[in-house]
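Take 7 as the starting number for the sequence shown in my numbering and just add one per residue.
Please read the structure below before turning to the comments.
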Amino acid sequence: MPTSFTVVPVEAQGEERGPAEQDGQRQEDEEDDERDRVSGDGTARESSPFINNAEMDRANMYEGKNMALFEEEMDSNPMVSSLLNKLANYTNLTQGVVEHEADEDSKRKEVKVPRMGTFIGVYLPCLQNILGVILFLRLTWIVGTAGVLESFIIVFMCCACTMLTAISMSAIATNGVVPAGGSYYMISRSLGPEFGGAVGLCFYLGTTFAGAMYILGTIEILLTYISPSAAIFKAESAADEAEAMLNNMRVYGTCIIILMAIVVFVGVKYVNKLALVFLACVILSIIAIYAGVIKTAFDPPDFPICLLGNRTLSKRSFDVCAKFTESNNETKTTTLWSLFCDSSLLNATCDDYFSLNNVTEIQGIPGIMSGVLSDNLWSTYSEKGSIVEKKAQSSVAASEETKMGELPYVFTDIMTYFTMLVGIYFPSVTGIMAGSNRSGDLKDAQKSIPTGTILAISTTSFIYLSCIVLFGACIEGVILRDKFGEAVNGNLVVGTLAWPSPWVIVIGSFFSTCGAGLQSLTGAPRLLQAIARDGIVPFIQVFGHGKANGEPTWALLLTAGICEIGILIASLDSVAPILSMFFLMCYMFVNLACAVQTLLRTPNWRPRFKYYHWTLSFLGMSLCLALMFICSWYYALIAMLIAGCIYKYIEYRGAEKEWGDGIRGLSLNAARYALLRVEDGPPHTKNWRPQLLVLLNLDSEQLVKHPRLLSFTSQLKAGKGLTIVGSVLQGVYLDKCTEAQKAEENVKALMGVEKTKGFCQIVVSPNFRDGISYLIQSAGLGGMKHNTVLMAWPQSWKETENRFSWKNFVDTVRETTAAQQALLVAKNIDLFPTNQERFTEGNIDVWWIVHDGGMLMLLPFLLRQHKVWRKCKMRIFTVAQMDDNSIQMKKDLQMFLYHLRLNAEVEVVEMFENDISAFTYEKTLMMEQRSQMLKQMQLSKNEREREAQLIHDRNTASHSAPAVKASVAAAVPEKVQMTWTKEKFVAEKHKNKDSNASGFKDIFNMKPNQSNVRRMHTAVKLNGVVLNKSQHAQLVLLNMPGPPKNRKGDENYMEFLEVLTEGLDRVLLVRGSGREVITIYS
């Protein structure tokens, strides 16, 4: 955790001393300082900690003399005494620690606002958000359609889902200080920026569509129950009523959303002040419902329903529930008669069903003591356009049905089934995040959020479950299934039950839905602004800006635009499942976050809320996922696709954030588990692929000398398997740590450019040779270790100033062999293609001379998976000796490749034994002469250095004490003359000159070693054959011969390899590890 605390000085006890005492003390300190400067070792030493000095205490910023041992570290590690005050007064901000401290440093004055407790801050906001439009407009219809039992199951499932989510949320919210930002903050910091961004945007979309749903509910109450005459579009016939209603919804909805957006833009503080008024409307409405239920026990309200047979009639078209009336001994037909018959006369032709069945009137609300509950227990699902019928009522079926739509029956407007009702009901239990969204304004968020949220869910669950039973026990089933109250003169169904008047519910529900819509339009833009300011989703960063006071103007415009989409859908029953998806997805990831953190047992996971368990979180997550698919499987898939797209977008394009999230911990746990599994043994031949250790050379600026080596790596690996990019810096780590970090940054940057997916490892070693050895031995972890080393050919190995490069190279070859690792050496690496190049034609030629595991076959196959090499053809050449049957060899090789499922051209090249040419003899001689000359030069240089050292030792000895002089003289070999005269010097000089001359004379008279001549002969002959066949190939792969067992011939080995590959553009020398890496078996 980054810290930037200031250590406040504590007044020293030394200030209690007198002035004279202080002066004397200061003089003594100055003398101490002078002594330190004279006898110092270049490092400033502190003054004596045992002497009290007021001046010293004022000069430095350290706390007291008792902690002098820690003085040098106090700039980065502050004293606990000064730290505790800052930690105790931690202020809630939108982001994490860094932003908090930046805010501290800027010293902005914070206006102290009164902090809220559990009841006002969490319980009431949750209550207001949970209770809403569905309770008043759809709950009675859900009870009538699904029956009391199935409605109970629906409500219980949804409430259980939110309760389990609240438990998980409480655990996360009490795990440390919760800055303002609510659910988005909790998810993103628990599951990482990818999940946080995806779920945050889904939660934002859910909140926005919730605003649309509330606005549609507001208009439905206005146009259906308050003022039906306010409709702009009038239906000419009963069949057009639904379409006209939808158009009215669209027009009024657009006007209301514009009005609400202006209200939110101008004065959001008024919206917050009105929140309690809207909440009061909700609570009064619920009290009115319970009061009405109690009243029905002894005095049920008079709401008669008119039935024709068992069919419910809509009372909007007639007043008297009878076919005819008698007055003054005269029978008159009613309005109802004229609706079913062609005239008002008694002998008119009427609808068959009307003629055969009687008109009866029953009470719509018989009361809680009537026993109507038994009739409402079971479900009554129906098709769209079917008539609402009373099941227990007798009726006579008609032989021939007329046009039903014109008759005054109560029809169902949509097809109903269990899963659809779940989708419509679920939004009524959302809103549980209202408390956590206000975490920045709470006195004690860690105590208030769990208590308030769980209490609010318990209260609302009780209200919903009790309302289901009470509605089923008090109201007639046909009225419950009558969605818009047509059978009760167009009254709100739940309003008919309320006491003292239905208008209490109508007005209360109207204001509560208005307030909920305003709250959604207030909260959603702020959520979008928080996500935008986090910088994890680049394309929404513009919505992080707003007015000077921080109000999210652009986010409000986008929210209003998305809300308008919901308004244009215009049906509350169609919008509800959409927002159900987004809320369920959000809740699912809250549960996942808690389960992941609990199972990982990360050290930072220490919630104060103890009543959670990972099984509860897992159950909540499973329930959320099940409800998503129960509500609507295609909506669920679309919501998951949207979240998945956002996740991948953030992963590839978003900012890198390290929030210590659980997914990172999960990845580490999974990696540890996988590594322990891989450790069991070496991979099977079928699973073998080159796991590369790429050895890079760096220049003096710590930049990569051969970037094409990384290009070749990405072409060979294509992001699969393990890649470790290593390099060695020469020196001591304490001195070179900064350069090592810079080198690592440069290599990682180049890996990003070349799209090489892997790890970087920089080793600092006293010499280059040992560093490479360390990498070969120790790179990787457990079973994830490299099995192949890739390096560039040392182009400058012949240069005298770079005389050690070939030694390092040959030793690396030996070490890879000892470690049973394969070796790939890329010669002329700077001529290899970049990732942007494409070979449209050409060949990859494999020269298979000795079998060492099948690496030569596998590598071209892997390369041709990449776009660069895809269009190249693979050719395999093998060499036949004098005694070999080349025709049979070709057939065998073709069969072998067929079994390996590899497509390649096959050619057998015959190399006949012939005499060693003069050219080969001469080349071998020149090689050995050069090698011998280098040794002589090195030897003479060593002798000169030894001579100079002896002279230096003599001079040192002459200035030392006699005893030391004697011991040095005894240690010097007898052959060395310690006293030099002119004659001795000339004699020694001629002696060295003669020995050097004779040495060089021997070089020019020497004869080449026969073994070297044979090796050179092979290299020259093979090079000629390869050049003849593969000079124009895009890449040539060759078996790399091993180095000689006798280390004296190492430089000759380099010469052989140079001759072998001479004249070829791109060569990959391959040395297998000795194990089979390709198999013919499946």
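Note that beta-carbon positions come from the ideal geometry of N, C-alpha and C, so glycine has one too.
Three-state class that DSSP yields for N752 in the structure shown = helix
Could you give the DSSP three-state label for D308: helix, strand or coil?
-> coil
Should K275 be labelled buried (16 or more other beta-carbon atoms within 10 Å of its own) or exposed?
-> Under the 10 Å beta carbon count, K275 is surrounded by fewer than 16 other beta carbons and is classified as exposed.
Using 8 Å as the Cβ pair cut-off and three pairs as the minimum, do the segment 156 to 175 and the segment 432 to 442 touch?
-> yes
For F1062 and E913, the rounded distance between their alpha carbons = 25 Å
Inter-residue Cα distance where the pair is E847 and H712 | Within the model, the alpha-carbon separation for E847 versus H712 is close to 25 Å.
Helix, strand or coil at W147 [DSSP, three-state] = helix
Best match in K453, S1079, G138 and G206 for proximity to F125 [C-alpha to C-alpha] = K453
Given 8 Å, three or more beta-carbon pairs between the segment 500 to 514 and the segment 248 to 267 | no
Simplified DSSP state of A677, which is helix, strand or coil = Here A677 carries a helix assignment [DSSP, helix/strand/coil].
CB of V759 within 8 Å of CB of V731, strictly = no
CB of I430 within 8 Å of CB of K390, strictly = Judged by beta-carbon spacing, K390 lies beyond the 8 Å limit of I430, meaning their Cβ atoms are not closer than that value.
Among L702, R695, R121 and V269, which residue has its Cα nearest to the Cα of D450?
-> The shortest C-alpha separation from D450 is found at R121.
Does DSSP put M880 in a helix, a strand or coil?
-> strand
Specify the secondary structure class of D447 as computed by DSSP and reduced to three states.
-> helix
Quick one: grab the DSSP three-state call for C327.
-> Here C327 carries a coil assignment [DSSP, helix/strand/coil].
Let me know if K489 comes out buried or exposed under the rule of 16 or more other beta-carbons within 10 Å of its beta-carbon.
-> buried
Please report the residue range of the beta strand (DSSP E) in which A642 lies.
-> No beta strand (DSSP E) contains A642, which is instead part of the alpha helix (DSSP H) from W639 to R659.
Roughly how many angstroms separate the alpha carbons of N316 and C473, rounded to a whole number?
-> If I take the Cα positions, the gap works out to 27 Å.
When K654, P613, L590 and G478 are compared against G626, the one with the closest alpha-carbon | L590
Alpha-carbon to alpha-carbon, N1018 and K971 | Note that K971 scores 39 on pLDDT, short of 50, meaning its location in the model is unreliable; the coordinates nonetheless yield the value given after this. Using only the alpha carbons, I get a separation of about 52 Å.
Cross-strand partners of W854 (DSSP beta bridge) = Per DSSP, the beta bridge partners of W854 are T884.
Do you know how far the Cα of D540 is from the Cα of E105?
-> In this prediction, E105 scores a pLDDT of 39, lower than 50, which makes its location untrustworthy; the coordinate-derived value is nonetheless stated afterwards. Rounded to whole angstroms, E105 to D540 spans 11 Å at the Cα level.
To the nearest angstrom, how far is it from the Cα of L155 to the Cα of V149?
-> Spanning the two alpha carbons is a distance of roughly 9 Å.
Pull up the distance between the alpha-carbon of S892 and that of L796, whole angstroms please.
-> 33 Å
Whole-Å CB distance - T425 paired with S176, under 8 Å assumed = Not really, about 30 Å apart at Cβ, beyond 8 Å.
Would you mind working out which of C312, L1074 and I469 sits nearest A798, comparing C-alpha positions?
-> L1074
Going by the beta-carbon positions, is the gap between L735 and A749 smaller than 8 Å?
-> yes
Residue range of the beta strand (DSSP E) that includes S771 | F765 to S771
Could you have a look at T339 and say whether DSSP puts it in helix, strand or coil?
-> strand
Separation of R714 from T840, as counted between CA atoms = 6 Å
Opposing strand residues paired with S732 [DSSP bridges] | This sequence places Gly at residue 732; Ser is not what is there. For G732, which the question treats as bridged, DSSP gives the partners L701 and Q767.
Limits of the alpha helix (DSSP H) - the one that Q369 falls within = Taken as a continuous stretch (DSSP letters only), Q369 belongs to no alpha helix (DSSP H), being part of the beta strand (DSSP E) at V365 to Q369.
Report yes if the CB atom of W853 is closer than 8 Å to the CB atom of M1060, and no otherwise.
-> No, Cβ-Cβ distance for W853 and M1060 is not below 8 Å.
Among residues of its own chain, excluding the 5 on either side of S771, which ones have a beta-carbon nearer than 7 Å to its beta-carbon?
-> So the list reads V734, Q736, G777 and Y780, once near-sequence residues are dropped.
With 16 other Cβ atoms within 10 Å as the buried cut-off, status of W639 | The residue in question, W639, is exposed, as its Cβ has fewer than 16 Cβ neighbours within 10 Å.
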